[in-house]
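A quick write-up on the structure given underneath.
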Amino acid sequence: MGPMVLWILLAFLTAGVAAVLLMPFARTAAATPADRAGDVEVYRDQLEELNRDRAQGLIGTQEAEYARAEIGRRLLAAAGAGSVSGTVAAKASRHRVATAIVTLLPPVLGLCLYLSLGNPGLPDQPLQARLANPGNNLALLVTKAERHLAQNPQDGAGWDLLAPIYLRSMRLGDAELAFRNAVRILGPSATRLTGLGETLVAASDGVVTDDARAAFEQAVKLDPDNPRARFYTGLGLEQAGRAPEAKDVFEKIAGESPSDAPWMPLVNEHIAKNGGQVAPKGAAGSDAAQAPGNPSSQDVAAAGQMSQGDRQQMIRGMVDSLAARLKEDPKNLDGWLRLVRSYAVLGNKAKAQEALKSGLTQFPAVGEDGKQLVALAQEMGLAAEGANP
Amino acid sequence: MIIEIGHYALVLALATALIVSVMPMIGARRGDMAMMTLATTGSLALFALVLMSFGALTWAYVVSDFSVVNVWENSHSLMPLIYKFSGVWGNHEGSMMLWLLILCLFSAMVALFGRNLPETLKANVLAVQALIASAFLFFILLTSNPFLRLDPAPAEGQDLNPVLQDLGLAIHPPLLYLGYVGFSVCFSFAVAALIEGRIDAAWARWVRPWTLAAWTFLTAGIAMGSYWAYYELGWGGWWFWDPVENASFMPWLAGTALLHSALVMEKREALKIWTVLLAIITFSLSLLGTFLVRSGVLTSVHSFATDPTRGIFILCILAIFIGGAFTLFAWRAPSLKSGGLFAPISREGALVLNNLILTVATGTVLTGTLYPLVLETLTGEKISVGAPFFNMTFGLLMLPLLVAVPFGPLLAWKRGDLLGALQRLYLVAGLSLVAGLVFFYIYNGGPILSIFGLALGFWGMFGAVADLWYRGNFGKVKLGVAFRRLSGLPRSTFGTALAHFGLGVTVLGIFAATTFGTETVTEMKPGASVDAGGYTLTFDGMREAAGPNYTESRGHFTVKRGSVSVAETWSSKRLYTARRMPTTEAGILSFGASQLYVSLGDPMADGGIVVRIWWKPFILCIWGGALVMMFAGFVSLSDRRLRVGAPSRKAKAAKVVKPGLEAAE
Chain P
0 MGPMVLWILL
10 AFLTAGVAAV
20 LLMPFARTAA
30 ATPADRAGDV
40 EVYRDQLEEL
50 NRDRAQGLIG
60 TQEAEYARAE
70 IGRRLLAAAG
80 AGSVSGTVAA
90 KASRHRVATA
100 IVTLLPPVLG
110 LCLYLSLGNP
120 GLPDQPLQAR
130 LANPGNNLAL
140 LVTKAERHLA
150 QNPQDGAGWD
160 LLAPIYLRSM
170 RLGDAELAFR
180 NAVRILGPSA
190 TRLTGLGETL
200 VAASDGVVTD
210 DARAAFEQAV
220 KLDPDNPRAR
230 FYTGLGLEQA
240 GRAPEAKDVF
250 EKIAGESPSD
260 APWMPLVNEH
270 IAKNGGQVAP
280 KGAAGSDAAQ
290 APGNPSSQDV
300 AAAGQMSQGD
310 RQQMIRGMVD
320 SLAARLKEDP
330 KNLDGWLRLV
340 RSYAVLGNKA
350 KAQEALKSGL
360 TQFPAVGEDG
370 KQLVALAQEM
380 GLAAEGANP
Chain G
0 MIIEIGHYAL
10 VLALATALIV
20 SVMPMIGARR
30 GDMAMMTLAT
40 TGSLALFALV
50 LMSFGALTWA
60 YVVSDFSVVN
70 VWENSHSLMP
80 LIYKFSGVWG
90 NHEGSMMLWL
100 LILCLFSAMV
110 ALFGRNLPET
120 LKANVLAVQA
130 LIASAFLFFI
140 LLTSNPFLRL
150 DPAPAEGQDL
160 NPVLQDLGLA
170 IHPPLLYLGY
180 VGFSVCFSFA
190 VAALIEGRID
200 AAWARWVRPW
210 TLAAWTFLTA
220 GIAMGSYWAY
230 YELGWGGWWF
240 WDPVENASFM
250 PWLAGTALLH
260 SALVMEKREA
270 LKIWTVLLAI
280 ITFSLSLLGT
290 FLVRSGVLTS
300 VHSFATDPTR
310 GIFILCILAI
320 FIGGAFTLFA
330 WRAPSLKSGG
340 LFAPISREGA
350 LVLNNLILTV
360 ATGTVLTGTL
370 YPLVLETLTG
380 EKISVGAPFF
390 NMTFGLLMLP
400 LLVAVPFGPL
410 LAWKRGDLLG
420 ALQRLYLVAG
430 LSLVAGLVFF
440 YIYNGGPILS
450 IFGLALGFWG
460 MFGAVADLWY
470 RGNFGKVKLG
480 VAFRRLSGLP
490 RSTFGTALAH
500 FGLGVTVLGI
510 FAATTFGTET
520 VTEMKPGASV
530 DAGGYTLTFD
540 GMREAAGPNY
550 TESRGHFTVK
560 RGSVSVAETW
570 SSKRLYTARR
580 MPTTEAGILS
590 FGASQLYVSL
600 GDPMADGGIV
610 VRIWWKPFIL
620 CIWGGALVMM
630 FAGFVSLSDR
640 RLRVGAPSRK
650 AKAAKVVKPG
660 LEAAE
């Protein structure tokens, strides 16, 4: 059902309301009932009640007489007024302005306000329907996996899959639970333990806690070559004030890693920090841990509090900063994919096209990476040059 | 599409409300039938539109449509279905929608059931109602729109505040709003009457069912809120003199006064000014309560979110309606014809005393609620006005009122006989004192003064029974005759007696629970026992468990009387995963009207856990009494008299025969 159907329904609704409101004007003015008939009835009832109260001794004889006189006076007044009052039969001509207002106000005010407040183009999105057809919406896939795990909590592979996603989206509590479940069901592995450790570190604002250190140490035992786990054990030593030992660990990582490994700048930084000499290296790679353009959890939380306009602006700001970083460091497939998608979603086709072109120069369409860009372009309805050789 | 239709219906409702708030009023001035009838059809259309809109929002909650910001912020797909429904009003935007829905419901009911109201009065009442609706529609659409959308939609919501994930949320707000907003009808009637410049007994009779209905719902709503706070917050208290509680209590006090003075006005056409003024004050206090709670001036579980523009908006609504109504009152009040005369000692006089005390009591609560806010705004100094202040002022005011309550129904209209009433009540007083003493003897342990508190509760209960006793002339005539006389009494008499009885029950519960209750805070390890209220509570240990959207640690307790195991309970600490928010779920066991209340504190390093145990004797009387009062309201509502004056016109023929029937009685 397209937005056309919506507009037709809204038109019907407006017409219906206007019709209902116009009904009183269409009827010929009926003879109006005497205004005070109700009053008379009430006073009669009061007199009856007075008798009842008198019978029960709720009011003295004399007082009852006074009250009867009071009510009687009001009754007479009301009965007298009733015969006089009456409503003027309205002529149709007097209602020209009134009917015009009643006919015009609902559609005019309705449309003006609704167009400025509503989202007529946005369809309903019940969760069940979205989950049935999640496409490649990561958040929906996560939700779907969560539901699956709620039913089958012993599915270790599911936890293993979800855990790093949670960590990346800073859902640390869930990440910890997922890593622990994966370790419990599938057994410890260097990757899982490192992930758990990183979660714990992130949860305590970068401090390598005892729990985290234990996880990293076990990971190193299982896989002595794991640079990530080793880096964090080094970091733990550094934070404990054991600089020489920390320096040893970092230097060992540096010595065994290829010189263009993405973690090298960070490792070198820590070697220097702990009083070591950094071997001069040529190209400084990007910090892999910091994927550019990812909003931090605070940003996302802030977005929730913002108005529509502010949120759009924040998103645009993030997209622009991503574009700027990609200009400096173009060898980042994830970044290009995100930039193209962002521009397309924001409705900026020209920029999306431009970003796609720049991305394809870095990752040619014939390669495995380039194919991803082309696939995205097709999904977003963009023309990818050189996609179909 | 359903959501967008709901949004549009709300906008259309604003257009309708604007038309209905202006045209019928012009019609009433000109005597134009068509424009006055517009009030009836318009109010029904308005209700239908708001209902449609509310339905669309509810639908969005039920199907978890997170493309609606409001749903995303306050719901979670894994919540049980009932909380998806109640979650609609468990947030600022939705609760304003509920407010509006109930306002329009009342308008629609006046439109439907008010067929025999004078056309001009009905048109004016509905116009004022629509004016209030317009103001709140503007407020909702411009500052608190629940239909704003989110694109792309998130996959999961941020969950409802865990404290609100309770059956209480499904019951408390709708009841409370039925009361709060119900008083808008009284307000509209008062304003309409002031506009017309005509206020008489017939008017009072038309207003009374609405007052009674609103009062009944508000009583139930407050009692429910109090019980909810009692079992959910885990502090063992049932009333905290929290500003938000006061905000609902003030309209109740003023509404109670209104109910009584409308009675006088209806029967004897006296207390006109009182009645009109109280009608305005009561709804003004409802509006003030809405402002205090919704503007974020107060921070509490009720304030959901704070936004200064909302506060200013509501403040403007407040100023316009309250200011407007009082101006109208000042202009018209001098021209009101004075009604029936009465001596100071009479039923009317007693009700004036009741009004005076209740109004002053409302004033003290208002002072205690607003003073800290004003002080903080002016000087930045933060003070909290708590139970000691309210006990000293409000409590002290209530004592003479409670003593006076049984006298009221026994005094005659116009000129009463206080000595006669005293003679009839001295037996009741004696019995109450004895009952208080017996109670004190059985539950020995409280201060001696508590005997008088207990006796006061019994005094209210026995006094209500005595009222019916003397009405039926029991003891003087044969039992059968007395019962026949009793069954011949109008329902409203039973309503009065029941409500006063319920008040006594509540007072009894308050004094019993506060003076004989015990509190024990101790660290317990599995196997440890604590005595409370004659029961022995044994802690059996902790266990982990999980609900649909939370995990919990629950402690198991076995309760023994002597050596016999009589009950068991779980008390738990929950963690709601989506918001990482902890709550306590107290374990509560009822023994008759008394309760044993177990709440878990923090776990200790050595494996023990801090446990708070309260013994609350007769605490259920507090809410039981409120339930009796609510029931009394319904009994009174069913009184034939309330349908006179606004009944079907067919009744007239039957009326003529009636006096004969009365005489035979």
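Protein sequence lines correspond, in order, to chains P and G. Be aware that the first sequence starts at 0, since it is given in numbering that gives the first Met the number 0, and climbs by one per residue. Be aware that the second sequence starts at 0, since it is given in numbering that gives the first Met the number 0, and climbs by one per residue. We treat Cβ as the ideally placed atom computed from N, Cα and C, and that holds for glycine. On a predicted model such as this, the values are computed, not experimentally measured, just so you know.
Which residues DSSP lists as bridging residue i, in chain order
| i | result |
| --- | --- |
| G/Tyr534 | G/Ala531 |
| G/Trp205 | G/Trp205 pairs with nothing; no bridge assigned. |
| G/Arg611 | G/Val520, G/Ser598 |
| G/Lys559 | G/Thr535, G/Ser564 |
| P/Pro122 | Note: P/Pro122 sits in no beta bridge, so no partner. |
| G/Ala55 | G/Ala55 is not bridged to any residue. |
| G/Met580 | G/Tyr575 |
| G/Val665 | Since the first and last residues shown for chain G are 0 and 664, residue 665 of chain G lies out of range. |
Cut-off 7 Å between Cβ atoms - residues of its own chain near residue i, not counting five sequence neighbours on either side
| i | result |
| --- | --- |
| G/Leu174 | Phe216, Ala219, Gly220, Met223 |
| P/Asp368 | Leu332, Phe362 |
| G/Arg346 | Gly407, Leu410, Ala411, Trp412, Gly415 |
| G/Ser665 | Here chain G has residues from 0 to 664 only, and residue 665 of chain G is not among them. |
Which of helix, strand or coil DSSP assigns to residue i
| i | result |
| --- | --- |
| G/Phe389 | helix |
| G/Ile4 | helix |
| G/Leu667 | With chain G covering only 0 through 664, there is no way to say anything about residue 667 of chain G. |
| G/Leu595 | strand |
| P/Gly366 | coil |
| G/Tyr575 | strand |
| G/Thr521 | strand |
| P/Asn293 | Any reading at P/Asn293 needs caution, since the residue's pLDDT is 43, under 50, leaving its predicted position unreliable; the model's value is listed next. Of the three classes helix, strand and coil, the one that applies to P/Asn293 here is coil, per DSSP. |
| P/Met22 | helix |
| G/Val62 | coil |
| G/Asp539 | strand |
| P/Leu116 | helix |
| P/Lys272 | helix |
| G/Arg197 | coil |
| G/Thr308 | helix |
| P/Met169 | coil |
Chain-ordered neighbours of residue i on chain P, where CB pairs are closer than 9 Å
| i | result |
| --- | --- |
| G/Arg207 | Simply none; closest approach about 11 Å. |
| G/Lys475 | Near G/Lys475 there are no residues of chain P at all, since even the closest Cβ is about 11 Å away, more than 9 Å. |
Under 7 Å from the C-beta of residue i: neighbouring residues of chain G
| i | result |
| --- | --- |
| P/Thr13 | Leu11 |
| P/Phe24 | Ala33 |
| P/His94 | Ala33 |
Contacts of residue i in chain G (Cβ-Cβ under 8 Å)
| i | result |
| --- | --- |
| P/Leu234 | Result: empty, since nearest Cβ-Cβ is about 26 Å, beyond 8 Å. |
| P/Gly59 | Ala411, Lys413, Arg414 |
| P/Glu62 | Ala411, Trp412, Lys413, Arg414 |
Own chain partners of residue i with C-beta closer than 6 Å, once the 5 adjacent residues on each side are dropped
| i | result |
| --- | --- |
| G/Ala650 | Low local confidence applies: a pLDDT of 38 at G/Ala650 is under 50, so the model's placement there is unreliable, with the coordinate-based value given in what follows. Contacts found: none. |
| G/Phe438 | Leu453 |
| G/Pro172 | Trp88 |
| G/Leu317 | Leu286, Phe290 |
Nonlocal neighbours in the same chain, by C-beta distance under 8 Å from residue i, ignoring five residues either side
| i | result |
| --- | --- |
| P/Val83 | Below a pLDDT of 50, predicted positions are generally treated as unreliable, and P/Val83, at 44, falls in that range; the measurement from the model is reported next regardless. Around P/Val83: no qualifying Cβ. |
| P/Leu5 | Pro119 |
Closer than 7 Å at the beta carbon, the chain P residues around residue i
| i | result |
| --- | --- |
| G/Val62 | Pro125, Leu126, Gln127 |
Beta-carbon neighbours of residue i, restricted to chain P and to distances below 8 Å
| i | result |
| --- | --- |
| G/Arg309 | By Cβ distance, chain P contributes nothing, its closest Cβ being about 14 Å from G/Arg309, past 8 Å. |
Positions along the stretch 139-156 of chain G whose CB lies within less than 8 Å of some CB in chain A: In the displayed structure, chain A is absent; the protein chains listed are P and G.
Taking three-plus beta-carbon pairs below 8 Å as touching, is the stretch 149-159 of chain G in contact with the stretch 322-332 of chain G? no
The stretch 354-369 of chain G touching the stretch 249-262 of chain G, judged by at least three CB pairs closer than 8 Å: Look at the beta carbons and you see the stretch 354-369 of chain G touching the stretch 249-262 of chain G: at least three pairs across the two are nearer than 8 Å.
Hey, is the stretch 61-76 of chain P in contact with the stretch 488-501 of chain G, meaning 3+ C-beta pairs nearer than 8 Å? no
Is the stretch 522-530 of chain G close to the stretch 609-625 of chain G, with three or more CB pairs under 8 Å? yes
Check whether the stretch 146-166 of chain P and the stretch 181-192 of chain P are in contact - that is, three or more C-beta pairs closer than 8 Å. yes
Would you check if the stretch 176-185 of chain P and the stretch 143-158 of chain P touch, i.e. whether three or more CB-CB distances between them fall below 8 Å? A contact exists between the stretch 143-158 of chain P and the stretch 176-185 of chain P.
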